[in-house]
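Engineer:
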Amino acid sequence: MIKKVRPHINQNEALLFERSSPGKRGYQLPPLDVPPVHPASALGAENTRGEIADFPEVSEVEAIRHFTRLSTQNYAIDLGLYPLGSCTMKYNPRVNEQVARTEGLAWAHPYQPESLAQGILEVMAALEQALAEITGMDAVTLQPAAGAHGEFTGILMVRALLESQGDPRKKLLIPDSAHGTNPATAAMAGYSVQNIKSNALGMVDVDELARAVDQDVAALMLTNPNTLGVFEQNITRIAEILHAKGAQLYMDGANMNALVGIARPGDFGADVMHLNLHKTFSTPHGGGGPGSGPVAVKRHLAPFLPKPRLARRTDGNNARWTWNYDLPQSIGRVRAFYGNIGMHIRALAYIMAHGGDGLRNATLDAVLNANYLRALLEPFYQLPNKAPILHECVFSDARQAQRGVRTGDIAKRLIDYGFHPYTVSFPLIVAGAMMIEPTETEGKAELDLFIDALISIAKEVEETPDLVLTAPHDTRTSRVDEVTAARKPILRWKP
Amino acid sequence: MLSTVGAETLDSLFAHLPAEVRLNRPLNIPTGKSEYEIVDYFRARGHECAAGGYASFLGAGVYQHYRPVLVDTVVSRSEFLTSYTPYQAEISQGTLTTIFEFQTMICQLTGMEVANASMYDGSTAVPETAMMAVRLTGRDRILTARTVHPEYREVLATYARHQGMPLVEFDYVRETGALDLSELEQKIDAETAAVIIQSPNFFGIVEDVRQAAEIAHRHGALLIFVFAEAVSLGLLEPPRDADIVAGELQSFAISPSYGGPFAGIIATKEKYLRQMPGRIVGETKDTRGNRAFCLTLAAREQHIRREKATSNICTNQALIALMATVFMAVYGKQGLRELASQNLAKAHYLAGRLPLRFSGPFFNEFVVSTNAQMPAAINQSLLEHKIIGGVPLGKFYPELERAMLLCATEMSRREDMDRVAEAFR
């Protein structure tokens, strides 16, 4: 019995270009208060284009119906549980959207005089300070635009530190459970990658690490808790091993939602880490961004932070925020201007709404929810790793695979039950992984529906596996042929 | 729930963490605030900025254009705002379809054959295209015009340092403000992977893309075309002769927001597709034969290829790209041209009253000489009339210490422009 959903009318919608008719328009500009200028004479005829072939021509009503109809073809957090592991799909408070549109903030130009930007600089400084407190670090940059961009920034700083000591070294150690962005970042920062195998509990094998760390190792990139949701029990030992050989501990903060208010990376040996404001700090994912990837560092890495840096200047009785460009050891800019400010505003609003206690409570609830799911699903799905978990749990499709049903099929069947699937086939160290992160957003009722759905699917796999293999059945779009999409790419509309 | 998981208290869920890693005190962050207090706090911060009443003539990569109401109406839909990257195509057709339309419109605007789903912004799109050119040509040297946005060039330098990509810059012609083609010809060599130019350039001048492309191609290098003012594409000839386009869409209904979030793009020729970074949406069918869209060509990306990926980019700027998509739908074929024409007219009105520094053709921004005065002094006098003047150029170009960059858009009022002109007298 599917409790959460039943089919409803969902309108078809053609592409904008197919909806267009000549002469239609959805805008009106005010009359010009200056003389018109002939484009070809001002710009040169050779520099002036004719009409943009096939560009949309629709009315305002057609435009809003178009996008509204399309929106109804999306699942979203506001419709229910969105348990993508490692993605921390939590509720995005609407007050954050409103305050990010505050006129003086949203319309501020990055080159307007600092005297007319003090409010924004204050917001950024307050966020830097809060993130430093949460991570136990000494300094923060808000410049990186997303998590992977933060990784890149952090690793460049490691490189700059080691260069200043005479040798940038050659490679980064990365556990086999890591996100793909970690090795890709290493390559962009000019490092080679050496994979480190996880032990039976999904943790870093300390002995193997000790053997691997030598004078060529610049840093270990570690996600903690790791992608199995397991806290690295030997984290302080891991940091000691690295530091003893002059290497740095980079922490991927993708899973920081498991630790806020409970443990601080800066206290357990991390030298540098990034945060994903679009995960832990509730800024909306927006169908794939924008994100924001602040980087927090210990004092010894602070001179290498990207420039410019916020600074407090005092002239007489007046103190004000200013941008400091005089940073000779900085890695330079990683982005024009100062970062994704709109996301900084939202993240600070989230932190303010929660307060220190509230942030910690969110962590407790997120961890309780993950443990609750694990306890009730374990009889039905193989749990490859029995170690205690924090904010997410990873099952394997091993039992269902005996019936020919894989993690991707179970995921598609979950859609029929009214849920967005979990993360499929990741981490790579678990064959047929089903990675579930409920976040603190969910109450018991929604979790129970989700658990019921997965239990029901486990039964279907035994009794009617074809039903699962051909899912989803009740969506307006049935299973999509991704193979043909890649084999014969059609990447734009053509008349 | 606690009894189900076999825990006595919430805290006991963390009992397995080593004692030495636990934080034994509350976070030093003030108690949670109510919604009203939060709104009030940010309103107060907004008042400390140039809220309301200020006219601005700042451009330089961030432009003040009117944002049609429909844009925020659409991006505030929960289904767009609170969804993830569309990995599960069956329940993400809304996002996937709009990205497909976005890719199409970017191709129509730029004259390229394929476009990706967005990059962080224009400044980070530039180094990604440079690395792309290195992979495509097997060469490593990058030749960049000094008229490319100075902050974009700084970002390029940060990326290039560890990629073994030597960067060389070539100058502009002092009289016209356009790139110096003869210096380009002198500096390009058999190791040059790409020539990077921007048009309209940082000074607002329209560059000769065809000539630059001809020189690049004659030496076996690619031409990377950068744009920072997307509205210009409503009037300007698209960069058909370029091989790769890197651009910034902030002008398409994305609020200035003190510099971000914005949305960058990369577009290119079909033959270079496999080396283009970023997410791409493709058209296909579902099992019932209906048209459907999905993320595709993932074999270029970090979650599949790890250290061999084209880039480490994962999260991009999807919702901001959607803003630009709605903008393009609302303005459409006629509107973008009319909007660009208004920008051209306003800028030329203001420029006609000021001492222009360069003679090259310009779109909606231009450099003026401040002659006897320093730019800061003029800006200070304008502030008294609640006008934010131009960007002083000495910070980026020491030789232009007595010059500033001014921008006029469809939002610039004639009386404010007249006031600016007075300040130069």
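One line per chain: the protein sequences are S and A, in this order. Under the working numbering, the first residue of the first sequence is numbered 1, with each subsequent residue one higher. Under the working numbering, the first residue of the second sequence is numbered 496, with each subsequent residue one higher. The C-beta atom is built at its ideal place from N, Cα and C for all residues, glycine as well.
(1) Are the Cβ atoms of Thr-599 (chain A) and Leu-70 (chain S) separated by less than 7 angstroms?
(2) Would the segment 661-676 of chain A count as touching the segment 641-648 of chain A if we require 3 or more Cβ pairs under 8 angstroms?
(3) With burial defined as no fewer than 16 other Cβ atoms inside 10 Å of the residue's Cβ, what is the status of Tyr-578 (chain A): buried or exposed?
(4) Restricting to Cα atoms, I'd like to know which of A:Arg-572, A:Gly-889, A:Ile-594, A:Arg-538 is closest to Thr-580 (chain A).
(5) From the DSSP output, in three-state form, read off Gly-742 (chain A) for me.
(6) Which residue wins for smallest C-alpha separation from Tyr-549 (chain A), given the options A:Glu-917, A:Arg-920, A:Glu-910?
(7) So Arg-211 (chain S) is in the alpha helix (DSSP H); what residue range does that whole segment cover?
(8) Would Asp-78 (chain S) count as contacting chain A if we go by Cβ distances under 7 angstroms?
(9) Please give me, in chain order, every unbroken run of the beta strand (DSSP E) with length at least 3 that falls completely inside the segment 803-836 of chain A.
(10) Would you kindly check if the distance between the Cβ of Leu-717 (chain A) and the Cβ of Ala-708 (chain A) is under 7 angstroms?
(11) Quick test of the definition: if touching needs 3 or more C-beta pairs under 8 angstroms, does the segment 872-886 of chain A touch the segment 837-848 of chain A?
(12) For the candidate residues S:Tyr-82, S:Pro-22, S:Arg-299, whose alpha-carbon lies nearest to that of Pro-421 (chain S)?
(13) Quick one: give me the first and last residue of the alpha helix (DSSP H) that Pro-465 (chain S) is part of.
(14) For the segment 741-754 of chain A against the segment 555-568 of chain A, do three or more pairs of beta-carbon atoms, one drawn from each stretch, fall closer than 8 angstroms, so that the two count as touching?
(15) Terminal residues of the continuous alpha helix (DSSP H) containing Met-188 (chain S)?
(16) For Ala-469 (chain A), which of A:Ile-882, A:Ala-610, A:Met-906 has the nearest alpha-carbon?
(17) Could you give the C-beta distance for Ala-219 (chain S) and Tyr-753 (chain A), rounded to a whole number, given that I count them as a contact under 8 angstroms?
(18) Where DSSP assigns a beta bridge to Asp-252 (chain S), which residues make up the other side?
(19) Going by the DSSP bridge assignment, what does Tyr-667 (chain A) pair with across the sheet?
(20) Just to check my reading of the structure: Gly-80 (chain S) and Phe-426 (chain S) have Cβ atoms closer than 8 angstroms, yes? What is that Cβ distance to the nearest angstrom?
(21) Buried or exposed for Glu-442 (chain S), going by 16 or more other Cβ atoms inside 10 Å?
(22) Taking 6 angstroms as the cut-off, is the CB of Gly-418 (chain S) close to at least one heavy atom of the ligand COA?
(23) Would DSSP call Leu-428 (chain S) helix, strand or coil?
(24) Apply the 10 Å Cβ neighbour rule to Asn-182 (chain S) and answer buried if 16 or more other Cβ atoms are within range, or exposed otherwise.
(25) Relative to the C-alpha of Arg-211 (chain S), which candidate in S:Val-334, S:Ile-238, S:Tyr-191 has its C-alpha closest?
(26) Quick check: what's the CA-CA separation for Glu-732 (chain A) versus Val-690 (chain A)?
(27) Confirm, please, whether the CB-CB distance from Cys-602 (chain A) to Arg-492 (chain S) is below 7 angstroms.
(28) Need the endpoints of the beta strand (DSSP E) that Cys-602 (chain A) sits in, please.
(29) Determine the chain A residues that contact Ala-458 (chain S) at a beta-carbon separation under 7 angstroms, and present them in chain order.
(30) What are the residues of the segment 90-103 of chain S that lie near chain A, defined by any Cβ-Cβ distance shorter than 9 angstroms?
(31) For Ser-177 (chain S), collect the residues of the same chain with a Cβ closer than 6 angstroms to its Cβ; drop the 5 residues on either side in sequence, then sort them by chain order.
(32) Apply the 10 Å Cβ neighbour rule to Ser-192 (chain S) and answer buried if 16 or more other Cβ atoms are within range, or exposed otherwise.
(33) Of the residues that make up the segment 231-255 of chain S, which ones have a beta carbon closer than 8 angstroms to any beta carbon in chain A?
(34) Based on DSSP bridge pairs, tell me the residues matched to Arg-517 (chain A).
(35) Measuring alpha carbon to alpha carbon, tell me which residue in A:Arg-517, A:Gly-699, A:Phe-552 is nearest Ala-916 (chain A).
(36) Measuring CA to CA, which of A:Val-701, A:His-714, A:Ala-610, A:Asp-736 is closest to Ile-637 (chain A)?
Structural biologist: With the structure as the only source:
(1) no
(2) yes
(3) The sequence shown places Ser at residue 578 (chain A), rather than the Tyr named in the question. With 16 or more other Cβ atoms within 10 Å, it is buried.
(4) A:Ile-594
(5) strand
(6) A:Glu-910
(7) 206-212
(8) yes
(9) none
(10) no
(11) no
(12) S:Tyr-82
(13) 465-469
(14) yes
(15) 181-188
(16) Outside the modelled stretch of chain A, which goes from 496 to 920, sits residue 469 (chain A), for which no answer is possible.
(17) Contact flag wrong, Cβ pair sits at about 32 angstroms.
(18) S:Thr-223, S:His-274
(19) A:Leu-674
(20) With 8 angstroms as the limit, Gly-80 (chain S) and Phe-426 (chain S) do not qualify as a contact, their Cβ atoms being about 22 angstroms apart.
(21) buried
(22) In terms of ligand content, the structure shown is empty, and the ligand COA therefore cannot be addressed.
(23) coil
(24) buried
(25) S:Ile-238
(26) 19 angstroms
(27) yes
(28) That residue, Cys-602 (chain A), is in no beta strand (DSSP E); its alpha helix (DSSP H) goes 588-605.
(29) Near Ala-458 (chain S) there are no residues of chain A at all, since even the closest Cβ is about 18 angstroms away, more than 7 angstroms.
(30) Tyr-91, Asn-92, Pro-93, Arg-94, Val-95, Asn-96, Glu-97, Gln-98, Val-99, Ala-100, Arg-101, Thr-102, Glu-103
(31) Ser-198, Asn-226, Thr-227, Pro-427, Ile-429
(32) exposed
(33) Phe-231, Gln-233, Ile-235, Thr-236
(34) S:Ala-263
(35) A:Phe-552
(36) A:His-714
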